[in-house]
Amino acid sequence: MIEAPEPIAEAARDGRLKAGLKARYAREGRFRLYGILAVSVAIGFLLLLLGRIIEQGHTAFYANQVTLPVYMDPARIDRAYPQGTNFQQMVAQQQLARMGVADDPQGSQATAYRSLLSSELKFRAADLIRNDPSLIGQTVVITAPVSDEADLYYKGEITRETAADQRRVSDQQMAWLDTLKAEGAVSTTFNTLLFTNGDSTEPELAGVLGAVVGSALMLLVTAGLAIPLGVGAAVYLEEFSRKGRITDLIEVNINNLAAVPSIVYGLLGVALFINWAHLPRSSPLVGGLVLALMALPTIIIATRSALKAVPPSIREAALAMGASRTQTVFHHVLPLAMPGVMTGTIISMAHALGETAPLLLIGMVSFVPGIPGAITEPAGALPSLVYIWENASERAFHERTAAAILVLLTFMVVMNAAAILLRRRFERRW
Amino acid sequence: MKLPFFLSPDGREGGGPADPTETPRMGGQVLPGAGTPPASAEVRDEPGQAPEPGPTNKAAMAAGRVPQVTSPAGPAGPTKIAARDVSVFYGEKQALFDVSLDIPDKTVTAFIGPSGCGKSTFLRCMNRMNDTIQGAKVTGSILMDGEDINARSVDPVLLRAQVGMVFQKPNPFPKTIYENVAYGPRIHGLTTSKSEMDGVVESALKKAGLWEEVADRLHSAGTSLSGGQQQRLVIARAIAVNPQVILMDEPCSALDPIATARIEELIDELRERYCIVIVTHSMAQAARVSQRTAFFHLGRLVEHGNTEEIFTNPRERRTLDYITGRFG
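For the protein sequence lines, the chains are A and B, in the order given. The opening residue of the first sequence carries number 2 in our numbering; numbering runs sequentially from there. The opening residue of the second sequence carries number 2 in our numbering; numbering runs sequentially from there.
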């Protein structure tokens, strides 16, 4: 043994150790504090965002309806073409007559009254006549939503104090609405139209179903393309290709593609799918194709890292058993990598669902009433619907914008939850 | 590890016979034959050539086991694998230098040597696992039953159906016990019915000495077994395809002594059916389970022969130093 004097005296060593320990714990405590702070800030912002959206949007989930007796005036209804009848005007005149209000020859009072009623009233009345023409000449009770402005008045968002240029409901109309309410003709119900209708120019009739279906169709196209292509590409690159300069180049490019702004993908989509391949504009097909291009790099990167994380011992075990490379990958490596693959897929699909910029370019922000039935039909998407509604001039669209955001978030949560459940099942198999 | 004194001035490997005054020790026990000068150091031991009956000294071998190999000059079974001038390169680096070795059938051959000596590399040549490593190159010839396994006409998949392998760390598939054992027969299409597969699985598990322990939970996860059981499961998986050769790469290094003893017993039983090659870091294990031993150092095969001979009377000084724990 080599004899050497202890460079640090015992007492000094103890002191330093204790002092160092104190500093260490202080550092740990500070770091813990930072962590809690960071999490609190994140949760705070999330709550703020959600709270604001819910506060703005919750009113869109209920709507006011009016139930009125309608005399199906034979003089005004065309039997052959009931939908051509101006039912709203007719009902307005009947109501004015009931209240004993005399109208001027131009019928301006009736027109003012009519604007409180939704055009849904007309469609419902016309449907009744079409189904049963014998109703003509009788009095029928019809329930229909009130117009968006009347709805806002009932919800208290417009009052008599609201500046005249900020509202389109006159004091006279407010008086009529008060009368209707006092008579018990107005009922507040859950706004089913929001979930059963497509987009509409009339806020009280506008719904998210068209956009939900459009988004769902688009995601189907995206998932159907991006998942097999992305996983396939990743498996090939990770398990089969010879590592070399070319694979390095491909890897760098894939990483770069993941960072390309989405609007560039939109431009590519316009050039490639619409101008060159002549696929239908505004269709979920084109939207899905563009989003698939966008989702591919994310899926490839996630899948590759999941494959890399599979322990080599499993690969060796399978190869040593005489499994071919393909068998090794598909029997052992890929199933083990599946949770990671699913995570990447979920993230990229959620991303695709919320993507708006590329949709602007391929025409999915145009006004599309109705509900798409196929991936080649024009359709909207939830994020573009939010964009359209937010830009709409009608005040009633504002609450619906927030409602559409809530629907979008719910869609996302449901989708992610389903995917996570699926992933759990995969994990549990082992 | 730089050990220049192992090289003789003419560059030849090996430094002559072991110092007879040194007493080789293993686990504190004086090995029989130690201290006696090497009897046949000058006789180049080429397996397969003129087997001559030699002295048998079984006293030091594991109790109750009678190795089949009795001649110091040659193995008991016929040569199963004959390697000639095998060199392995990983990219620029050469990991194995001109190894020539005959491995007899129905015998346990142990590869010993310090870490990085090339014993695992050589083991992996025998089922062409080195093929799976990018940049690995194998030269020389390895004949199994007279056929070159590196030939273009030999499919590595079929080769690996003949040559099973057990790894250092138990690596059962994350599937059920049954599926682990059934995997090999299934991918090779060896069975045609469920009942046949059941039979294969049961037989393999019995041969691996695991049947009693898992018979009632064949469909629970293979990874839920203990380390030693997992390793026996992996052995069962390997023998389910009925290979001719079983390669074991330090199969007990991750196991406790009891599980190790169980595996060693199993290896001894399996010896009657298969040609077994085992890489081990434990000298005691090599002495207990093997009949033939090959000592590797710095990528070269230094010495090989009957285990007893190697452990009691090595010809090379390096072998003696290694088995007596002077380096390694």
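All residues carry an ideal CB built from backbone N, CA and C; glycine is no exception.
Can you round the beta-carbon distance between isoleucine 331 of chain B and glycine 165 of chain B to whole angstroms, since I take them to be within the 8 Å contact cut? Outside the displayed span of chain B (2 to 329) sits residue 331 of chain B, for which this structure offers no information.
Host alpha helix (DSSP H) of asparagine 347 of chain B (start-end): Missing from the structure shown is residue 347 of chain B; chain B here goes from 2 to 329 and no further.
Inspect the CB distances between the segment 160-180 of chain B and the segment 101-113 of chain B and report whether three or more fall short of 8 Å. By the Cβ test, the segment 160-180 of chain B is not in contact with the segment 101-113 of chain B, since fewer than three Cβ pairs between them sit closer than 8 Å.
Is the CB-CB distance between glutamate 205 of chain A and aspartate 152 of chain A below 8 Å? Using a Cβ distance threshold of 8 Å, glutamate 205 of chain A and aspartate 152 of chain A count as a contacting pair.
Count the C-beta pairs between the segment 182-194 of chain B and the segment 131-151 of chain B that are closer than 8 Å, then say yes if the count reaches three, no if not. Segments in contact, no.
The beta strand (DSSP E) with isoleucine 113 of chain B in it runs from where to where? Per DSSP, isoleucine 113 of chain B belongs to the beta strand (DSSP E) from 109-113.
Meets three-Cβ-pair contact criterion under 8 Å: the segment 271-289 of chain A and the segment 378-390 of chain A: Touching, yes, given that three or more Cβ pairs across the two stretches are closer than 8 Å.
Under 8 Å by Cβ, that's how I've got valine 290 of chain B and glutamate 265 of chain B pegged, so tell me the actual separation to the nearest angstrom. In this structure valine 290 of chain B is in contact with glutamate 265 of chain B, their Cβ atoms being roughly 5 Å apart against a cut-off of 8 Å.
Taking C-beta to C-beta, are isoleucine 143 of chain A and alanine 127 of chain A nearer than 8 Å? The Cβ atoms of isoleucine 143 of chain A and alanine 127 of chain A do not sit closer than 8 Å to each other.
With a 10 Å radius around its C-beta and 16 neighbouring C-beta atoms as the bar for buried, classify tryptophan 390 of chain A as buried or exposed. The residue is buried, with at least 16 neighbouring Cβ atoms inside 10 Å.
At 8 Å on the CB atoms, spell out the chain B contacts of arginine 243 of chain A, in chain order. Going along chain B in sequence order, the residues near arginine 243 of chain A (Cβ under 8 Å) are Gln135.
Near-chain B residues of the segment 296-321 of chain A (beta-carbon distance less than 7 Å), N- to C-terminal order: So the list reads Ser314, Ile315, Glu317, Ala318, Leu320 and Ala321, given in the order they occur along the chain.
Pairwise C-alpha distance: leucine 337 of chain A and glycine 52 of chain A: Here the alpha carbons of leucine 337 of chain A and glycine 52 of chain A stand approximately 40 Å from one another.
Is there a Cβ from chain A that is less than 8 Å from the Cβ of methionine 62 of chain B? Unreliable positioning characterises methionine 62 of chain B in this predicted model, as indicated by a pLDDT of 40, which lies under 50. The coordinate reading is nonetheless provided below. With respect to chain A, the C-beta atom of methionine 62 of chain B has no partner C-beta closer than 8 Å.
Classify isoleucine 264 of chain A as helix, strand or coil using the three-state DSSP reduction. Looking at isoleucine 264 of chain A - three-state DSSP - the assignment turns out to be helix.
Closest by CA to alanine 393 of chain A, which one among A:Arg14, A:Leu294, A:Gly233 and A:Val366? Among A:Arg14, A:Leu294, A:Gly233 and A:Val366, the Cα nearest to that of alanine 393 of chain A is on A:Val366.
Can you confirm whether glycine 12 of chain B, when its beta carbon is compared against all beta carbons of chain A, has any partner nearer than 8 Å? Bear in mind that the predicted position of glycine 12 of chain B carries a pLDDT of just 40, short of 50, making it too unreliable to give a figure here.
Quick check on DSSP: helix, strand or coil for leucine 321 of chain B? Leucine 321 of chain B sits in a helix when the DSSP states are folded into three classes.
Given a cut-off of 8 Å on the beta-carbon distance, is the pair alanine 103 of chain A and leucine 122 of chain A in contact? It is not a contact, given that the beta carbons lie outside the stated cut-off.
Is the segment 334-352 of chain A touching the segment 186-203 of chain A, taking contact as three or more C-beta pairs under 8 Å? Flag = no, the segment 334-352 of chain A and the segment 186-203 of chain A do not touch.
Roughly how far, in whole angstroms, is the beta-carbon of aspartate 86 of chain B from the beta-carbon of aspartate 99 of chain B, given that I think they are within contact range, below 8 Å? Aspartate 99 of chain B and aspartate 86 of chain B do touch by the CB rule: their CB atoms are close to 5 Å apart, below 8 Å.
Could you name the residues of chain A that phenylalanine 123 of chain B contacts, counting a contact when the two beta carbons are closer than 7 Å? For a Cβ distance threshold of 7 Å, nothing in chain A lies close to phenylalanine 123 of chain B: the least Cβ distance comes to about 15 Å.
Out of curiosity, what's the CA-to-CA distance linking glycine 28 of chain B and tyrosine 91 of chain B? Its pLDDT being 41, under 50, glycine 28 of chain B is placed unreliably by the model, and nothing is read from it.
Whose CA, out of A:Ala397, A:Val415, A:Ala43 and A:Met219, lies closest to the CA of histidine 59 of chain A? Ranking A:Ala397, A:Val415, A:Ala43 and A:Met219 by Cα distance to histidine 59 of chain A puts A:Ala397 first.
Taking Cβ positions only, does tyrosine 323 of chain B come closer than 8 Å to chain A? In terms of beta-carbon proximity, tyrosine 323 of chain B stays away from the interface with chain A, with every pair separated by 8 Å or more.
I want to verify the contact list: residues of chain B whose CB lies under 7 Å from the CB of alanine 324 of chain A, in sequence order. Within 7 Å Cβ-Cβ: Ile188.
Would phenylalanine 297 of chain B count as contacting chain A if we go by Cβ distances under 8 Å? Closer than 8 Å to the CB of phenylalanine 297 of chain B there is not a single CB belonging to chain A.
Min CB distance valine 1 of chain B to chain A below 8 Å: The structure shown has nothing for residue 1 of chain B, since chain B only spans 2 to 329.
Pick out whichever of A:Ile54, A:Arg33 and A:Tyr237 has its Cα sitting closest to the Cα of phenylalanine 331 of chain A. For phenylalanine 331 of chain A, the closest of A:Ile54, A:Arg33 and A:Tyr237 by C-alpha to C-alpha distance is A:Tyr237.
Proximal residues of chain A, C-beta to C-beta of alanine 237 of chain B below 9 Å: Chain A residues near alanine 237 of chain B: none, gap ~12 Å exceeds 9 Å.
Examine chain A for any beta-carbon lying closer than 8 Å to the beta-carbon of alanine 162 of chain B, and answer yes or no. Taking Cβ atoms only, chain A reaches closer than 8 Å to alanine 162 of chain B, which makes this a yes.
Name, going along the chain, the residues of the segment 168-184 of chain B whose beta-carbon falls closer than 7 Å to a beta-carbon of chain A. From the segment 168-184 of chain B, only Phe168, Lys170, Asn172, Phe174, Pro175 and Tyr184 have a Cβ closer than 7 Å to chain A.
Cross-chain neighbours of methionine 130 of chain B in chain A, by beta carbon under 9 Å: Correct list: Glu317, Leu320 and Ala321.
Taking CB distances under 8 Å as the criterion, tell me whether leucine 335 of chain A reaches chain B. No, leucine 335 of chain A lies away from the interface with chain B (no Cβ there is under 8 Å from its Cβ).
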